[in-house]
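Undergrad:
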Amino acid sequence: MSTQPKPLSEVEHIKANSRLLRGTLAESLADPVTGAISTPDTSLIKFHGSYQQDDRDLREERRQQKLEPDYSFMLRTRLPGGVCTAAQWLVMDGLAREHANGTLRITTRQAFQLHGILKGDLKPTIARINAALIDTLAACGDVNRNVLCNPNPVDTRVHEVVYGWAVRLSEHLLPKTRAYYELWLDEEKVAGGEEEPLYGATYLPRKFKAAVAVPPENDVDLFAQDLGYIAIIEDGVLQGFNVAVGGGLGATHGDANTFPRLADVLGFVPPEQMLAVAEEVLKIHRDHGDRGNRKRARLKYVLEDRGVAWFTEELERRLGFKLEPTRPFTFEHNGDRFGWREGHDGRWHLTLHLDSGRVADRPGALHLTGLREIAQVHAGDFRLTPNQNLVIAGVPPESKEHIDALVRAHGLESFRTASPLRRNALACVALPTCALAMAEAERYLPTFVGRVEGRLQAHGLQDANILLRITGCPNGCARPYLAEIGLVGKAPGRYNLHLGGDARGQRLNRLVRENIDEATILSVLEPLFAAYASERQQGEGFGDYLVRAGHVPAPPSRTPQAA
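Here the sequence shown stands for residues 1 to 563, where the numbers follow the UniProt record's numbering.
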């Protein structure tokens, strides 16, 4: 008995009718009557690296005044591995002050975000970004997003080789449509014959995230990615990559059919097969992902529903060769290494801590100004980390003291003074600009960290390296489901509390309490901190202790042995 095909989601129709992502964006951008663009175009502009937003703090006030919402646009860059030159930093700094809200934001995908751009400023902003040899193409939308890679190639020269493959991966999976160049860069319009050989006319069912990790560092949170490559290095030479597929952290409150999932390690490939594997994994998502229900359209559900064995067989069938057996690897941590480190070439690299990745000028902490002054004299480059921090890389020994003086003068020293909890904490943007946010995250993080720091200090745990992450909704942009303590927004001032992740990014945490306020969260944590202080083993992390002692059921994990 045949079954009727599932109806397509509205976004699928918008993509199909978009003429390869053009839609009516040109008309929407030219409309002087509104600060917004048409509803179908709000889906398409994501592929060009932008989201339409409005200030939710002002929404009700403007409604009462019979004004349209305070519309603006977020713009995100595509910056593989988070590497940019000092000159590119200065361009982004200038755009933040001239066309955005005066701040830069470093995302958990090693990209820049500009917030508060008015519709009329979008085109000149994107043009200036492109003139600086950065772009925003495919930074959002149902395509491969910015490719993550270990941002600090200081230990061995092979890191530079791995980074090169991350850049090639990003370029290989780019959409081929010329719509971006026509709309934003005034390229002559294409007259027919245009194709999307990888994506097809409707692109992917949902976003696709890829990352490259260099053990023992898992700073990219590899098992949270649709596609992950684990660099296998022997005797200082890149041998190839273990391939991990099917990770993803987004979920929907109250929908048991949606859930975080860790990627499975399928096998090993030499470097020259990396791009072919990525292409076929992406095509399996294109062909088998759910185009009727966007909440269940990620690649992880293809693996969950059809099985890892089916996926591996299908991938190898398309490739025309078998994956080699997985090679041994070990991850030790998924955080950043702060402070100064000397590189293999004698140059120095400084990793700074930035609260939630926000670069702004505030009283006593003129971070935007300070980093501008550093960029004006810095001979190396800047590297954005997947943990929303910043590496000032390639500092010549003779410049180290001057850079350090600028860091001190502009209040950029929190990597020296902040607690481990604060240095490692992540938060998404959430309110007031994210349309999906149910609760605060970035604006709440400093306050909540302060509350937790007080309780840790009371138990002699002020130096405990505990991983805390907060998001304003269950989509998981700050990867809360891998944290030792994860807060997921449920309503204003209320969160779901998740506990039991690890410091290596190899284990999901577990939901322990739903829809609770700050006082209840702290009351749940208090006895756990007390027990951890008295019962922990040497070097044992908080999440590992919670699982070992039975305070949290053992969650699913992806260790090399389990893979």
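Built from N, CA and C at the ideal position, the CB exists for glycine as well.
Does the beta-carbon distance from arginine 510 to histidine 498 come in below 8 angstroms?
TA: Yes, the Cβ-Cβ distance between arginine 510 and histidine 498 is below 8 angstroms.
Undergrad: Mind listing, in chain order, the continuous beta strand (DSSP E) runs of no fewer than 3 residues lying wholly within the segment 502-559?
TA: Entirely contained in the segment 502-559, the beta strand (DSSP E) runs reaching 3 residues are, in chain order, 510-516.
Undergrad: Determine which residues share a DSSP beta bridge with valine 395 and list them.
TA: Trp348
Undergrad: Out of curiosity, what's the CA-to-CA distance linking serine 414 and alanine 365?
TA: In a straight line, the C-alpha of serine 414 is about 10 angstroms away from that of alanine 365.
Undergrad: Closest to glycine 390 by CA distance: which of Ile374, Gly500, Gly550 is it?
TA: Before going further, note that residue 390 is leucine rather than glycine in the sequence given. Closest by alpha carbon: Ile374.
Undergrad: Does DSSP classify histidine 498 as helix, strand or coil?
TA: strand
Undergrad: For lysine 207, which option in Arg291, Gly141, Pro527 has the closest C-alpha, if you only look at C-alpha atoms?
TA: Gly141
Undergrad: Determine the burial state of glutamine 64: buried for a count of at least 16 other Cβ atoms within 10 Å of its Cβ, exposed for fewer.
TA: Answer is exposed; the Cβ neighbour count stays below 16.
Undergrad: Report back the beta-carbon spacing between valine 552 and valine 512 to the nearest angstrom; my notes put them in contact at under 8 angstroms.
TA: Contact holds; Cβ gap of about 7 angstroms.
Undergrad: Pick helix, strand or coil for histidine 333, following the three-state DSSP scheme.
TA: strand
Undergrad: Please determine if the segment 348-362 and the segment 383-400 are in contact, where contact requires at least 3 C-beta pairs separated by less than 8 angstroms.
TA: The segment 348-362, when compared against the segment 383-400, does touch it at the 8 angstroms Cβ threshold.
Undergrad: Quick check on the burial criterion: 16 or more other C-beta atoms within 10 angstroms. Buried or exposed for glutamine 226?
TA: The sequence given here has aspartate at residue 226, not glutamine. By the 10 Å Cβ count, aspartate 226 comes out buried.
Undergrad: Tell me the start and end of each unbroken alpha helix (DSSP H) in the UniProt domain "Nitrite/sulphite reductase 4Fe-4S" (169-322) that is at least 4 residues and wholly inside, in chain order.
TA: As far as the UniProt domain "Nitrite/sulphite reductase 4Fe-4S" (169-322) is concerned, its whole alpha helix (DSSP H) runs of at least 4 residues are 179-185, 274-288, 299-306, 308-319.
Undergrad: Looking only at C-alpha atoms, which of Arg291, Ala211, Gly335, Thr24 sits nearest to arginine 469?
TA: Gly335
Undergrad: Relative to the alpha-carbon of glutamate 440, which residue among Leu371, Asn150, Gly493, Leu482 has its alpha-carbon at the smallest distance?
TA: Gly493
Undergrad: Classify threonine 108 as buried or exposed, calling it buried when 16 or more other Cβ atoms lie within 10 Å of its own Cβ.
TA: buried
Undergrad: Where does asparagine 144 fall in DSSP's three states?
TA: strand
Undergrad: What's the gap between the Cα of histidine 115 and the Cα of threonine 520?
TA: CA-to-CA, the gap between histidine 115 and threonine 520 works out to about 33 angstroms.
Undergrad: Any contact of the segment 413-431 with the segment 456-467, i.e. 3+ C-beta pairs under 8 angstroms?
TA: yes
Undergrad: Which runs of the beta strand (DSSP E), 3 residues or longer, sit entirely within the segment 69-132?
TA: Every beta strand (DSSP E) of 3 residues or more that sits fully in the segment 69-132 is shown, in chain order, as 71-76, 83-85, 104-106, 112-117.
Undergrad: Round the Cβ separation of alanine 138 and arginine 78 to the nearest angstrom and send it over; I've been treating them as touching at under 8 angstroms.
TA: 6 angstroms
Undergrad: Apart from the five residues just before and just after arginine 62, which ones in its own chain have a Cβ nearer than 8 angstroms to its Cβ?
TA: Glu68, Pro69, Asp70
Undergrad: Would you call serine 534 buried or exposed, if buried means 16 or more other Cβ atoms sit within 10 Å of its Cβ?
TA: exposed
Undergrad: Taking the beta carbon of glycine 254 as the centre, do at least 16 other beta carbons fall within 10 Å, making it buried, or is it exposed?
TA: exposed
Undergrad: If you count every other CB in all the chains shown that lies within 10 Å of the CB of phenylalanine 112, and 16 or more means buried, which is it?
TA: With 16 or more other CB atoms across the displayed protein chains lying within 10 angstroms of its CB, phenylalanine 112 is buried.
Undergrad: Is glycine 370 helix, strand or coil by DSSP?
TA: Here glycine 370 sits in helix by DSSP.
Undergrad: For the 8 angstroms Cβ check, are there 3 or more pairs between the segment 212-219 and the segment 298-309?
TA: no
Undergrad: Taking the straight line between their C-alpha atoms, what separation do you get for leucine 185 and lysine 119?
TA: 16 angstroms
Undergrad: Which residues does DSSP list as the beta-bridge partners of isoleucine 485?
TA: DSSP lists Leu468, Leu499 as the beta-bridge partner residues of isoleucine 485.
Undergrad: Less than 8 angstroms separating the beta-carbons of aspartate 219 and proline 386?
TA: yes
Undergrad: If contacts are defined as beta-carbon pairs under 8 angstroms, then alanine 430 and glycine 357 qualify, I think. What distance do you get, rounded to the angstrom?
TA: Not really, about 13 angstroms apart at Cβ, beyond 8 angstroms.
Undergrad: Can you list, in chain order, the residues of its chain with a C-beta nearer than 7 angstroms to that of alanine 435? Leave out the 5 residues immediately preceding and following it.
TA: Gln53
Undergrad: Roughly how many whole angstroms lie between the Cα atoms of leucine 224 and leucine 266?
TA: Per the sequence shown, residue 224 should be read as alanine rather than leucine. C-alpha separation (whole angstroms): 15 angstroms.
Undergrad: Report the partner residues of glutamate 342 according to the DSSP bridge assignment.
TA: Trp348
Undergrad: Could you spell out the range, first to last residue, of the alpha helix (DSSP H) harbouring phenylalanine 448?
TA: 445-458
Undergrad: Go through its chain and collect everything with a Cβ distance to glycine 35's Cβ below 6 angstroms, but skip five positions before and after it.
TA: Taking glycine 35 as the centre and dropping the five residues before and after it, the same chain places the C-beta of Tyr71, Lys119 closer than 6 angstroms to its C-beta, in chain order.
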